[in-house]
Amino acid sequence: MGPTPAETEPVGAGPVRSGPVEPGQVATIVTHLEMHDRPKAAPLSSSPLRLSRWKAPTPEKYRLLFRRVGEPWLWFSRLAMNDIDLELLLFDRRTEIFAVIDPQGIEVGLLELDFRIAGECRIAFFGLIPQLTGQGLGRWLMAQALMLGWRKGIDRVTVQTCTLDHPRALAFYIKSGFHPVRQMVEIFPDPRITGLLSVDAAPHIPIIPAP
Numbered sequence: 001m002g003p004t005p006a007e008t009e010p011v012g013a014g015p016v017r018s019g020p021v022e023p024g025q026v027a028t029i030v031t032h033l034e035m036h037d038r039p040k041a042a043p044l045s046s047s048p049l050r051l052s053r054w055k056a057p058t059p060e061k062y063r064l065l066f067r068r069v070g071e072p073w074l075w076f077s078r079l080a081m082n083d084i085d086l087e088l089l090l091f092d093r094r095t096e097i098f099a100v101i102d103p104q105g106i107e108v109g110l111l112e113l114d115f116r117i118a119g120e121c122r123i124a125f126f127g128l129i130p131q132l133t134g135q136g137l138g139r140w141l142m143a144q145a146l147m148l149g150w151r152k153g154i155d156r157v158t159v160q161t162c163t164l165d166h167p168r169a170l171a172f173y174i175k176s177g178f179h180p181v182r183q184m185v186e187i188f189p190d191p192r193i194t195g196l197l198s199v200d201a202a203p204h205i206p207i208i209p210a211p
């Protein structure tokens, strides 16, 4: 009898562990990154975009922008929350939410900073709509995030990315001054199958429905 997929075989310096991902599920590797020193002050790059602080937005308004920015990368966590739980988060004074606004006044990006852990600013969500990628605007948004995140009492800024994100996301965070500290594997029900996202979302990730 041959080995099962979950068995290990020595390859190179050590064994390779593998196992099936059940149909209807999605697997991703999440990389957690940290920054422990405030970057040296530098002139902010110019941008046609601006930030607008959202204080206690309605769940509907928040979900609309969350979906516009995150659907191509399977962002779904906030879409799965009910209104009460989402309001508790959005109305928390330790959570700061910013919409990115273009010159026409259209919301084209999302920045969310989470200060609920003492001494830490977590960049919970960071992104622009796909049409704006590759224009250097992410560097401007990161400069804004770090300027807002590093404040009195903060001794580290954290962020995470995963293999479902833009392929240059990890390199972008490292170039911005973050360093990887750990990785985790996450497996969750495919939000395109559960109905949280359109079946057309994230075409680079295959949909494998349960039989």
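With our numbering as the guide, the letters of the sequence shown map in order to residues 1 to 211.
Glycine residues also receive a C-beta, built at the ideal position from the N, C-alpha and C atoms.
A quick note: this is a predicted structure, and the numbers were derived from the prediction, not measured.
Rounded to the nearest angstrom, what separates residue i and residue j at their Cα positions?
i    : j    : result
S45  : D102 : 16 Å
W150 : F126 : 16 Å
P23  : E96  : 37 Å
R192 : R50  : 32 Å
T194 : K152 : 42 Å
F91  : H36  : 28 Å
P130 : G70  : 9 Å
F115 : G14  : 40 Å
I106 : P48  : 12 Å
D83  : P59  : 6 Å
M81  : P189 : 15 Å
Report the option in the options whose CA atom is closest to the CA atom of residue i.
i    : options                : result
K61  : K40, P180, R78         : R78
M147 : K40, D190, D200, G134  : K40
R68  : I205, I208, L196       : L196
L109 : Q183, L88, W140        : Per the sequence shown, residue 109 should be read as Gly rather than Leu. The candidate whose alpha carbon is nearest that of G109 is W140.
S52  : I205, R122, L111, V199 : L111
D200 : W73, A56, I29, L65     : W73
I205 : R122, W75, Q104        : W75
With a threshold of 16 other CB atoms inside 10 Å of the CB of residue i, please say whether the residue is buried or exposed.
i    : result
P43  : exposed
Q144 : buried
T31  : buried
R168 : exposed
V159 : buried
H118 : Reading the sequence as shown, one finds Ala at residue 118 and not His. Exposed is the call here.
R93  : exposed
A210 : exposed
What does residue i pair with, by DSSP beta-bridge criteria?
i    : result
R50  : I101
V69  : DSSP output for V69 lists no bridge partner at all.
F188 : V26
By Cβ distance below 8 Å, which residues in the same chain neighbour residue i in space, the five residues on each side in sequence not counted?
i    : result
Q135 : none
In its own chain, which residues sit with a C-beta less than 7 Å from the C-beta of residue i, not counting the 5 before and 5 after it?
i    : result
V21  : A27, I187
T161 : T31, A169, L170, Y173
Output needed for residue i: all residues of its chain with C-beta closer than 6 Å, excluding positions within five of it in sequence on either side, in chain order.
i    : result
G2   : Note that G2 has pLDDT 49, beneath the 50 cutoff, so the model's placement of it is unreliable and the number below is only indicative. Nothing meets the Cβ criterion.
R182 : H32
I208 : P23
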